[in-house]
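Taking my numbering, I'd label the letters of the sequence shown as residues 948 to 1212.
What follows is a single structure, written as structure tokens, with notes after it.
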Amino acid sequence: HCPGYASAAKYVATSFMELYYDATVYDTPMVAVVEVMGRNAGWLTAASALAKYKGAGPDLIYLPEVPFDVNKFIQDAKEVYEKNHGKVLIAVSEGLKTKDGTYVAEMGSQNLAKDSFGHSQLGGTANVLANLLKQELGVKVRPIEFSLLQRCAQHLASAVDVEEAYTAGKEAVKAAVSGITDYMIGFKRHMENGKYECEYIKIPLHEVANQEKKVPSEWIINNGTGLSEEYVSYALPLIQGDAKAPLEDGLPRFARLKKVFVEKK
């Protein structure tokens, strides 16, 4: 995993639990398609399975690792709608693609902006799919995007994540001042007698820049609509603890760091 993943995953899982319980308050139908960040790798969307593990998560989870079938999606949603008496909560990755390589988001727009790597800047997958379900089910369907909040919601930061990120920063500075360059600090996971531990290692930049690590296919179950217990076991140790920022006047106090550059050697 990488710094920040655990806190973002914790935000995603918590938000799905809150959406789930909000839906149970009302007797009326509630269908929502929730879009989570993830172009070709569905790690953040997979985090919604942690909410499901607690009995309060999405009914259906779609990751970009599995080619997206629109007709199957509609059928899946209809079955849940009937089974749950009008309640359907769906998690989708922003980067869902059909078998022919078309992004679902592109079904709503052919003029997507590009990022610095030349990748299409996605967004709108939830809108496209919500409109499809609205036509098929004949009810209101809410498209929801967590957008930037899922990567900047410090109020739900994992204590494990914060400690690892801080230590990674220290290791990076130590490497820089000793003259080591063109490396990044990476995490190597260890499980000893059921206890999670993190080892900090140096990884050459060329091995990680513009590379992707995808969710293992064996972790994706239920015909492409769920995550296995292996994912839950992987993610739970990472989200432990509460690392809330100190408060001032009832609001979080954020650090404003001064940029101190290391002299190039």
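By construction, the Cβ of each residue, glycine as well, lies at the ideal position given by its N, Cα and C atoms.
The residues S1105, A1106, V1107, in chain order, have a CB closer than 7 Å to that of G1188 in the same chain once the five nearest residues on each side in sequence are set aside. In this structure, Y1130 sits near A1122, with a CB-CB distance shorter than 8 Å. Assignment of I1168 by DSSP, reduced to helix, strand and coil, places it in the strand class. Using a Cβ distance threshold of 8 Å, L1096 and T961 do not count as a contacting pair.
DSSP places H1137 in the strand class (E or B) of the three-state scheme.
Excluding five sequence positions before and after T1045, the CB atoms of its chain that fall closer than 8 Å to its own CB belong to P1014, F1015, D1016, V1017, V1051, given in chain order. At a Cβ-Cβ threshold of 8 Å, A1182 and A994 count as neighbours.
Across the set A955, Y968, N987, the C-alpha of N987 shows the shortest separation from the C-alpha of E1159. Setting aside the 5 residues that flank it on each side, E1146 is surrounded in the same chain by K1135, H1137, each with a C-beta closer than 7 Å to its C-beta; the list follows chain order.
In this structure, A1100 keeps its C-beta atom at 8 Å or more from the C-beta atom of V981. In the three-state DSSP reduction, R1098 falls in the helix class (H, G or I). Looking at the DSSP output, E1146 sits in a beta bridge with K1135.
Excluding residues up to 5 positions away in sequence, L1103, S1105, I1186 lie with their Cβ nearer than 6 Å to the Cβ of K957 in the same chain.
According to the DSSP secondary-structure assignment, F1015 is paired through a beta bridge with T1045.
Scanning the segment 982-1009 from its first residue to its last, the whole beta strand (DSSP E) runs of 3-plus residues come out as 1007-1009. Cβ neighbours of K1087 within its own chain (closer than 8 Å, five residues either side excluded): P976, V978, K1081. In terms of CA proximity to D1023, L1079 leads the group K999, V983, L991, L1079. By the neighbour-count criterion, in which a residue is buried when 16 or more other Cβ atoms sit within 10 angstroms of its Cβ, T1049 is exposed.
The C-alpha of G1033 is placed about 14 Å away from the C-alpha of D969. For secondary structure counted as the alpha helix (DSSP H) over 4 or more consecutive residues, the segment 1104-1134 holds these complete runs in sequence order: 1106-1124.
Where V1035 is concerned, there is no enclosing alpha helix (DSSP H), although the beta strand (DSSP E) around it starts and stops at 1034-1040. Annotated three-state conformation of A1182 is helix, per DSSP. The continuous stretches of alpha helix (DSSP H) do not include E1092, which lies in the beta strand (DSSP E) extending over residues 1088-1092. P1011 is positioned such that its CB atom lies closer than 8 Å to that of G989. Around the beta-carbon of Y973, fewer than 16 other beta-carbon atoms lie within 10 Å, marking it exposed.
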